[in-house]
Structures are given as C-alpha cells and as structure tokens.
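Here is the structure we will look at.
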Amino acid sequence: MGTPHNEAAKGDFAKTVLMPGDPLRAKFIAETFFEQPRLVNNVRGVQGWTGTWKGVPVSAMASGMGIPSIGIYSHELFHFYGVENIIRVGTTGALSEKLKLRDLVVAQGACMDSNFAQHLRLPGAFAPIADFTLLETAVAAARDRGLEPPVGNILSSDVFYYKHGSGLEWAPMGVLAIDMETAGLYATAAEAGKRALTICTVTDNLVTGEALPPAERQSSLAEMMEIALETAVRMAER
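Counting from 13, one number per residue, gives the positions in the sequence shown under my numbering.
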C-alpha cells in the first residue's frame, strides 16, 4: 500500500490512533502501554506503532509539529488506512493563571491564525470542533479517575516565536490554551467524515511564566495517555 509519508500496509493501523507530535512520544506510548507493540511506519522517522490495550487494538503515530504536518498524517490515516478516530495527545501552553502545570485541557473547539482551511474553498470561516462522541467519552473516562478537566476553546497557532504579541490576546475570549495542531486535525477529520479530539497537558503557562523542565514533560503525560487509551477502548464498544 503505502503513501508518500507512510510505509504501513493496509490493516496495520487500528481504528483509533493516539497522535502525539513527537515520534519518541509515540514510541513511549507503544512501549509503555501496548501489548505486543510493533512498528508499522518509520518514514522520515515519524514512528507509527500498533498493539493492543486491554485487548483492544490501538495505534500511536506522531504528527510532527504544526498544522501542515498533522494535516498530512491525519489525512493519510483517515483516507488511506481506514482510521476512524484520531486523539491528539499533546502539550499546551495555558492562557489562564487558573490552569496549573500538569492540568489536562480537552479542546472542544480550536481557533486558529492559520489559513489552512482555505484549501477547502468554503464561502466563509470554518469553525473547527471536536467530535462530540469522542469528547464526551474522554471526559467520562477522566471523571472516572476523579478528574474534571476544563473543556473549551484553544488556539492553534502557526507561530511559536512571536515577533508581535504572544497568543495571550485570545484569553479575553475565553480561549484556554495554545497549541500548533488541533485546528488542522479537526478540519481534516471534518472533511473526511471521521472523528477527532485533542487532549493536552499543560507544560507551560504564558501568564505566570511557569514551565515544566524537559525531563519532567514525558512522565507528566502518562495520565493523559491513559485517558486517551481508555477512550479508545470505550469507542470500540460503541
């Protein structure tokens, strides 16, 4: 089979894919949580893994950084590999001092400063939102762990190093946090008629200046990953 960015064979990916940005984080998910993980893609080092969790097939594949990159990988998974659900498991910068380091954020919608959706040639502005079934399933899984993650809008920005501004300009509109991928994932899923959701862990706070050191970022994401995996299991039962 294969695509320009994926050497996997047909059937190598499960119906639900967890999608971190970092290929090493995809490897971490597979080696930490999967039963019998196998590497199914390594084109450009963007690792894709498939295994099972609680007996349910599940995959993990990196997206790279930014909307264009996640647009490529999610498009190919949705259109060529029969993937039905992509759950982005990433990091985010909080735009509110109420959000603390290691807090989870569930992205109900994603504002963007990108022109990515223009390729769809819609006669207006597209509003990228999560699939409600995935969203309510993930929130229920979090609540079963005693968590009540904030659910709302985030900003997906094309810019990491701002020349002017910082992303905090969006905070008065109730935007919770900032990443670089979610809006592209949600738009791609909508075009494909598939499901997508982002669950993020706060690793930086743009208001307070707090940030997790690099060594702590990986270990702090485990709870988010387990909620995403539980969501995959529950989606298989629907």
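Backbone N, C-alpha and C define an ideal beta-carbon position, used for all residues, glycine too.
Rounded straight-line distance, which links the Cα of residue j to that of residue i
i    : j    : result
F92  : R157 : 35 angstroms
Q130 : K66  : 41 angstroms
D216 : A42  : 25 angstroms
E242 : G177 : 38 angstroms
G78  : R250 : 31 angstroms
D24  : A137 : 36 angstroms
T213 : A223 : 12 angstroms
A20  : S86  : 14 angstroms
A248 : N97  : 10 angstroms
Cβ shell of residue i (< 7 angstroms), same chain only, five flanking positions each side left out
i    : result
T220 : E109
P35  : G57, V58, Q59 and A74
Helix, strand or coil at residue i according to DSSP, with G and I counted as helix
i    : result
M192 : coil
A154 : helix
P162 : coil
Q120 : strand
V219 : coil
M73  : strand
G63  : strand
A137 : coil
Own chain partners of residue i with C-beta closer than 6 angstroms, once the 5 adjacent residues on each side are dropped
i    : result
E47  : G63 and T64
Q7   : There is no way to answer for residue 7, as the model of the chain reaches only from 13 to 250.
T15  : E88 and F92
A183 : L107
V70  : A26, T28 and A244
Residue span of the alpha helix (DSSP H) that contains residue i, given as start and end
i    : result
M106 : This sequence places Ala at residue 106; Met is not what is there. That residue, A106, is in no alpha helix (DSSP H); its beta strand (DSSP E) goes N97 to A106.
L89  : I79 to F92
M31  : From DSSP, M31 is part of no alpha helix (DSSP H) but of the beta strand (DSSP E) over T28 to M31.
Contacting residues, own chain, Cβ-Cβ under 8 angstroms from residue i (five flanking each side not counted)
i    : result
V180 : The residue you asked about is not Val; residue 180 is Leu in the sequence shown. If we look at L180 and ignore the five residues flanking it on each side, its Cβ neighbours are L107, L218 and V219.
A234 : T44
H17  : V55, R56, V58, I84, Y85 and E88
Start-to-end residues for the beta strand (DSSP E) that takes in residue i
i    : result
L241 : First-last for L241: A234 to A248, but that is the alpha helix (DSSP H), not the beta strand (DSSP E).
* **the segment 194-209 in contact with the segment 78-93 per 3-pair CB rule at 8 angstroms** => Touching, yes.
* **Contact the segment 166-176 vs the segment 48-62: 3+ CB pairs below 8 angstroms** => no
* Asked: Using 8 angstroms as the Cβ pair cut-off and three pairs as the minimum, do the segment 223-230 and the segment 145-156 touch?
  -> no
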